[in-house]
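In the working numbering, the protein residues as written are 35 to 408. Data block below; observations after.
What follows is the structure, given as structure tokens:
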């Protein structure tokens with residue numbers, strides 16, 4: 035089962051109490067105070083592990099608590115420190131305050147470890163309170179309480195490319211064709227109920243991560259269907275591949291407009307995200323009909339059938355638009371990076387699609403590296 039949203043109460047450990055004790059040895063009639071300090075309570079840590087993919091391990095759990103510190107003992111012996119609690123989460127997990135909604139942590143890097151709650155300090159033993167006027171103190175400090183917080187964990191998948199489209203448009207077929215992901219593929223809507231990640235390997239040294247997001251329906255941003263639960267995963271992807279069905283009864287322009295509207299309603303940032311458009315199931319129609327539909331769609335978007343340098347070698351038998359990449363400038367997010375008909379079944383434009391997406395991913399990483407340098 036895929037769990038991407040859980041609510042938990044987290045508590046650090048309470049500090050151990052200091053000891054009240056007096057030195058007792060043979061031939062020592064009146065030994066002084068020797069009560070030791072209590073141990074510190076255990077801390078609460080968050081650790082990111084890329085081998086963890088869901089939050090399902092927290093299902094059914096309501097309260098996670100670190101261990102309390104042990105009380106001090108005689109002969110100035112310290113109590114044992116309480117065992118810390120390490121909450122292991124997958125990359126892309128956000129820790130949100132369940133009461134205020136404030137974002138507390140955004141955990142994205144594998145191996146990242148962050149202390150979230152501090153354990154309570156142990157109490158001082160009675161030997162700390164000896165003085166010339168109080169040579170026999172009979173009290174010690176109790177341990178301080180630990181911290182407590184109710185949080186909501188939300189998982190947002192991290193991928194280079196996110197597939198966006200209606201149910202049964204061919205997203206799962208595409209990701210199973212070009213990556214190592216093996217999602218269920220069937221001829222009915224909502225086959226994909228959970229997001230899937232796949233690594234698209236171009237060669238031994240070049241690859242990128244693609245996410246298959248469950249289908250979005252009209253009204254998803256208002257809570258209809260499965261789309262709302264998983265729209266948050268698209269926020270993590272820096273590049274979107276809209277998949278529009280050539281064989282669908284609805285016009286291509288209408289399908290594209292509905293998808294854009296749902297994304298924009300969910301998050302204004304998604305409206306400014308770089309994207310490309312793949313017209314799927316090109317094998318299901320005669321080539322002439324595919325050509326006519328594609329040309330009409332390009333015209334409706336205000337694009338011409340330009341291939342630029344055609345570095346990706348899109349099938350010249352079918353119209354396609356490829357936006358020029360100026361390596362000294364940024365990609366224009368107002369226009370699609372490319373528009374092209376594809377077929378996962380026949381392989382039409384699949385290789386070109388892979389190289390085009392890789393080119394964009396590399397370009398984006400170069401721009402991010404330059405921003406860091408500046």
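The beta-carbon is built from N, C-alpha and C at its ideal position, and this holds for glycine as well. Computed from a prediction, not measured in an experiment: that's the story for all the values here.
Quick check on DSSP: helix, strand or coil for residue i?
i           : result
residue 96  : coil
residue 293 : helix
residue 389 : helix
residue 322 : helix
residue 400 : helix
residue 21  : The structure shown does not extend to residue 21, since the chain is modelled only from 35 through 408, so no value can be given for it.
residue 245 : strand
residue 414 : Since the first and last residues shown for the chain are 35 and 408, residue 414 lies out of range.
residue 230 : strand
residue 51  : coil
residue 282 : coil
residue 354 : coil
residue 288 : helix
residue 45  : strand
residue 316 : helix
residue 192 : coil
By how many angstroms is the C-alpha of residue j removed from the C-alpha of residue i?
i           : j           : result
residue 139 : residue 83  : 15 Å
residue 176 : residue 153 : 14 Å
residue 329 : residue 338 : 8 Å
residue 122 : residue 189 : 12 Å
residue 306 : residue 277 : 18 Å
residue 182 : residue 198 : 39 Å
residue 213 : residue 232 : 5 Å
residue 57  : residue 141 : 50 Å
residue 7   : residue 78  : Nothing in the structure corresponds to residue 7, since the chain is present only between 35 and 408.
residue 173 : residue 151 : 29 Å
residue 166 : residue 113 : 27 Å
residue 421 : residue 393 : This structure cannot settle anything about residue 421, because the visible part of the chain is limited to 35 through 408.
residue 396 : residue 326 : 33 Å
residue 348 : residue 241 : 20 Å
residue 51  : residue 180 : 13 Å
In or out: residue i buried (at least 16 other Cβ within 10 Å) or exposed?
i           : result
residue 368 : exposed
residue 324 : buried
residue 362 : Residue placement at residue 362 is poorly supported in this model, since its pLDDT is 44, which falls under 50; the coordinates are not used for a value here.
residue 383 : buried
residue 304 : buried
residue 320 : exposed
residue 390 : buried
residue 133 : exposed
residue 107 : buried
residue 378 : buried
residue 386 : buried
residue 314 : buried
Using a beta-carbon distance below 9 Å, is residue i in contact with chain D?
i          : result
residue 68 : Within the model displayed, chain D is absent; a lone protein chain is all it includes.
Assess, as a yes-or-no matter, whether the segment 278-291 is touched by the segment 232-251 under the definition of 3 or more beta carbon pairs within less than 8 Å. Between the segment 232-251 and the segment 278-291, the count of Cβ pairs shorter than 8 Å is below three; the stretches do not touch.
Quick check on the DSSP output: what are the complete beta strand (DSSP E) runs of length 3 or more inside the segment 96-184, in order along the chain? 97-99, 119-123, 127-131, 137-141, 147-151
Tell me whether the segment 94-103 and the segment 60-80 touch, counting them as touching only if at least three CB pairs, one residue from each stretch, are closer than 8 Å. yes
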